[in-house]
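**Student:** In our numbering, the protein residues as written are 72 to 311.
No residue lacks a Cβ here, since even glycine has one placed at the ideal position from N, Cα and C.
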Ligand code: UDP
C-alpha cells in the first residue's frame, strides 16, 4: 500500500515486506526501480516537481531514515517502519545468494565497489557479483553496455541523488538483463567500510551528525534540509 508523505508515495512496508517486494521485482519482465529517499532527498522532492515525479515513478519507494518516518507521524499517517536503503541492500544480498541472482555494483570512487564486493560476499556466502564500476564516468552508454554484457539481474546504483535516479530512469529500457535496480547513495562506501565513524563516546551521545559536520562543514546546507522537511510536515498538518 502506498502512503503519501508530502507528495512522495512511499510504500508502507516492514523490512520483510520490502524484501518480498524486492524479490517480486526480480521475477518481473522489465527492470524494476527501487528508490530510498531520506528526509534531505524528500525535501528536494517537495521543492522540485520534476524530481518528485521521477521518484514517484519508481516501483518501490522506501523511507530511508527517521526524518521521513517522523514527518509521516506528524501528518497523522504513520509509516510501519523505516526501511533504510543500506539495510534493505544488506538483506537483499541473502535473497540474491539464495536465488543465484547476479549482482552488479555501480558507483563510488574507483576501487570502492571492489572492496564492497568482498565484504558483501562475506555477508552472503554464495553471492555472485558479476561486475563492478566506479561512479565517475562521462558517457553512460559504455557503462550500460558493460552491465548488459555481465548479464546482471540486480544492480546497485550508488551515484548520490538525483544522479542515480536519473541514471536508472534514463537507462531502464537499455538495460536488457536487469530486473531490479536500486539507488542507494553512499551505501558502497558503507559496505567497503570507508566511512570513518565518530568516536564511540560521540556515537553513544547520538552526536555522530556533529562529528560529520565538523569533518565536512559543507554538509551544513544539506543537513538543514532535515529540520526544514519536518517543518513542512507541521505546516501541512496545520493546513490539513
Ligand atoms: N558518487 C559517484 N559519482 C558521482 C558523484 C557521487 O559515484 O558523480 C558517489 C560518491 O562517491 C558516494 C555516493 O555517490 O559514494 C553518494 O554520495 P553522497 O554521499 O554525496 O550522496 P547521498 O546519498 O548522501 O545523496
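1) Would you say residue 253 touches the ligand UDP, meaning its beta carbon is less than 8 Å from a heavy atom?
2) Using the rule of at least 16 other Cβ atoms within 10 Å of the residue's Cβ for burial, across every protein chain shown, is residue 203 buried or exposed?
3) Mark residue 241 as exposed unless 16 or more other C-beta atoms lie within 10 angstroms of its C-beta, in which case mark it buried.
4) In three-state DSSP terms, what is residue 253?
5) Measuring only from the beta carbon, is residue 234 closer than 8 Å to any heavy atom that is part of the ligand UDP?
6) Between which two residues does the beta strand (DSSP E) containing residue 207 stretch?
7) Any chance the CB of residue 111 is under 8 Å from a heavy atom of the ligand UDP?
8) Ends of the alpha helix (DSSP H) at residue 186?
9) Give the range of the beta strand (DSSP E) segment to which residue 103 is assigned.
10) Find the nearest neighbour of residue 254 within the set 124, 132 and 293, judged by alpha-carbon distance.
11) Could you tell me if residue 173 is buried or exposed, where buried requires 16 or more neighbouring beta carbons within 10 angstroms of its beta carbon?
12) My guess is that residue 93 and residue 278 are in contact by the Cβ rule of under 8 Å, so how many angstroms apart are they, rounded?
13) What number of angstroms, rounded off, separates the C-alpha of residue 310 from the C-alpha of residue 77?
14) How many angstroms separate the CA atom of residue 147 from the CA atom of residue 83?
15) Within 8 Å: the Cβ of residue 342 and any heavy atom of the ligand UDP?
16) For the segment 125-140 and the segment 93-107, state whether three or more C-beta atom pairs, one from each stretch, are separated by less than 8 Å.
17) Looking at residue 183 and residue 269, is the spacing between their C-beta atoms short of 9 Å?
18) Do residue 136 and residue 151 have their beta-carbon atoms positioned less than 9 Å apart in this structure?
19) Determine the direct distance from the alpha carbon of residue 81 to that of residue 88, and round the result to whole angstroms.
20) So what does DSSP say about residue 93, is it helix, strand or coil?
21) If contact is defined by three or more beta carbon pairs under 8 Å, each pair taking one atom from either stretch, is the segment 137-145 in contact with the segment 158-170?
22) Helix, strand or coil for residue 263 per DSSP?
23) For residue 134, is the classification buried or exposed, using 16 other Cβ atoms within 10 angstroms of its Cβ as the cut-off for buried?
24) Residues in the same chain with beta-carbon distance under 7 Å from residue 239, minus the five sequence neighbours each way, listed in chain order, please.
25) Consider the C-beta atom of residue 180 and the heavy atoms of the ligand UDP; say whether any pair is separated by less than 8 Å.
**Tutor:** In short:
1) no
2) buried
3) exposed
4) strand
5) yes
6) Neither: residue 207 is in no beta strand (DSSP E) and is coded neither H nor E.
7) yes
8) 183-194
9) 103-106
10) 132
11) buried
12) Contact flag wrong, Cβ pair sits at about 33 Å.
13) 12 Å
14) 14 Å
15) For residue 342 there is no data in the structure shown, the boundaries of the chain being 72 and 311.
16) yes
17) no
18) no
19) 13 Å
20) helix
21) no
22) helix
23) buried
24) 104, 228, 252 and 254
25) yes
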